[in-house]
Amino acid sequence: MARAVAEDRADLSGGRPVRTAVRAAALEGFDRHDLEVIERIEDPTDGSLRYLFRCDDGALVEAVRIPLLQPGHFTVCLSSQAGCAMACDFCATGRLGFGRNLRAWEIVAQLMVVRREAPGRVTGAVFMGQGEPFHNYDAVIQAARVLAHPCGGRVAQKAITISTVGLVPQIRRFTAEGHRFRLIVSMTSAIQERRRGLLPVAGRWDLAELADALRAHHEATGARVTVAWVLLGGVNTDPAEVEALAALLDGVPFKINLIDVNDARADGYRRASDAERDAFIDALQALRVPVVRRFSVGRGRHSACGMLASRRLAELQDAL
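Residue -7 is where the sequence shown starts when you use our numbering, and the numbers rise one by one after that.
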């Protein structure tokens, strides 16, 4: 039966005869769930494939299959909530408002559906879709454990990334529990007042509290802290940001992932120009900060980061 689960079989007998009584006992009280796929949209420019799922209560969530550099390997961007309560000012998903937390099986099911249809191996998972993963902490951690299990998602723990906008108590809990999943913190600004305008969560836990939690995480794990930075042209690419970030994380080894803003409506925001981006990178590298520029996928199909609350999703919700 474990083999059947690992091989994504609908029949849980496992391919070898299993005594009826044994199978019945194992499946007693077992309720097999799945998500309904109501739309698949491929972006031919980068090979990403967006899935739109409908849950049993009608909630709509999305996942994105992302091709990796190694041919035939994919990672899946997973949603942890229907909508999002964080209301980040530059994010389309936040404008949908909060629907509900996804159950652990609904998170796992996203990857399992994608894996069954993938023309290769799913070797990674990133919790960067709809929702704030640490706002649904218990279900996300439970799902991540299932995804890492040999009879579950079969994804290495180090290949599972959980992103957060900075929920400090949950970061501390994550550290204390000793999880081996990767943690990324979306900072986007190292200047408190500016960050609070971009990410309202900064009004609950300020940058000093966030930095203390990240310092504790580094001390407990020995791992370099990974900071995500959504580049907003004319907003957070100035030298003051670099100076503030260096001071904030002084003594903490960190790297920064730069991501261009990708908003379905982009109200009041624009992508950083090449000159702005290059100057920001040069300033970081002058301080010996490792910089990784992340290229978003699915921009043409409203499935890149910050675009999962696409116009199509809103239209479908209104129609239900």
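Glycine included, every Cβ here is placed at the ideal spot set by N, Cα and C.
All values derive from a computational prediction rather than experimental measurement.
Under the three-state reduction of DSSP, which class applies to residue i: helix, strand or coil?
i	result
leucine 240	helix
asparagine 254	coil
alanine 220	strand
aspartate 35	strand
alanine 110	coil
isoleucine 273	helix
glutamine 73	strand
arginine 186	helix
glutamate 124	coil
alanine 79	coil
valine 105	helix
leucine 52	strand
arginine 87	helix
proline 245	coil
glycine 260	coil
proline 192	helix
threonine 67	strand
Who are the near neighbours of residue i in its chain, counting only those whose CB is closer than 6 Å to its CB and skipping five residues on each side?
i	result
leucine 237	Ala182
glycine 39	Pro59
glycine 123	Ser71, Ser72, Gln73 and Cys76
leucine 159	Phe126
histidine 25	Trp97
glutamate 34	Leu41
arginine 188	Ala194 and Gly195
Could you spell out the range, first to last residue, of the alpha helix (DSSP H) harbouring residue i?
i	result
alanine 210	Looking at the sequence provided, one finds histidine at residue 210 rather than alanine. From DSSP, the alpha helix (DSSP H) with histidine 210 extends over 199 to 213.
proline 161	160 to 168
valine 132	129 to 140
How should residue i be labelled, buried or exposed, when 16 other C-beta atoms within 10 angstroms of its C-beta is the threshold for buried?
i	result
valine 106	buried
glycine 170	exposed
proline 125	buried
glycine 91	buried
alanine 232	exposed
alanine 256	For alanine 256, the predicted structure reports a pLDDT of 46, less than 50, and the residue's modelled location is therefore unreliable. A value from the coordinates is still provided. That one is buried.
cysteine 76	buried
serine 265	exposed
leucine 279	exposed
threonine 37	exposed
arginine 186	buried
arginine 32	exposed
arginine 216	exposed
isoleucine 154	buried
glutamine 149	exposed
glycine 367	With the chain covering -7 to 312 only, the question about residue 367 has no answer from this structure.
alanine 17	exposed
isoleucine 248	buried
alanine 136	buried
alanine 200	exposed
glycine 121	buried
alanine 131	buried
glutamate 307	exposed
alanine 267	exposed
alanine 275	buried
For the beta strand (DSSP E) that contains residue i, what are its first and last residues?
i	result
isoleucine 152	152 to 156
leucine 44	40 to 46
phenylalanine 90	90 to 93
valine 283	283 to 286
valine 147	Neither: valine 147 is in no beta strand (DSSP E) and is coded neither H nor E.
valine 227	Here valine 227 belongs to no beta strand (DSSP E), and DSSP marks it neither H nor E.
valine 177	174 to 178
Ignore the nearest five residues each way along the sequence and tell me which others in residue i's own chain have a CB closer than 8 Å to its CB.
i	result
arginine 262	Leu224, Gly225, Gly226 and Val253
isoleucine 273	Leu250, Val283 and Arg285
leucine 190	Cys80, Asp81, Phe82, Thr180, Ser181, Leu224, Val227 and Asn228
phenylalanine 66	Arg57, Ile58, Pro59, Leu60, Val106, Ala110, Gly112, Arg113, Val114, Thr115 and Gly116
valine 318	Missing from the structure shown is residue 318; the chain here goes from -7 to 312 and no further.
threonine 167	Ala205, Ala208, His209, Ala212 and Thr213
valine 177	Ser155, Thr156, Val157, Gly158, Ile163, Leu202, Leu206, Val217, Thr218, Val219 and Ala220
Excluding the five sequence neighbours on either side, which residues of its own chain have a C-beta within less than 7 Å of the C-beta of residue i, listed in chain order?
i	result
arginine 164	Ala205 and Ala208
threonine 12	none
glutamate 28	Phe45 and Arg46
leucine 139	Val100, Leu103, Ala117, Gly145, Val147 and Ile152
phenylalanine 134	The question names phenylalanine, but residue 134 in the sequence shown is glutamine. Taken in chain order, the residues that qualify are Ala96.
Is residue i close to chain C, meaning its C-beta is less than 7 Å from at least one C-beta of that chain?
i	result
cysteine 83	The displayed structure is made up of one protein chain only, and chain C is not part of it.
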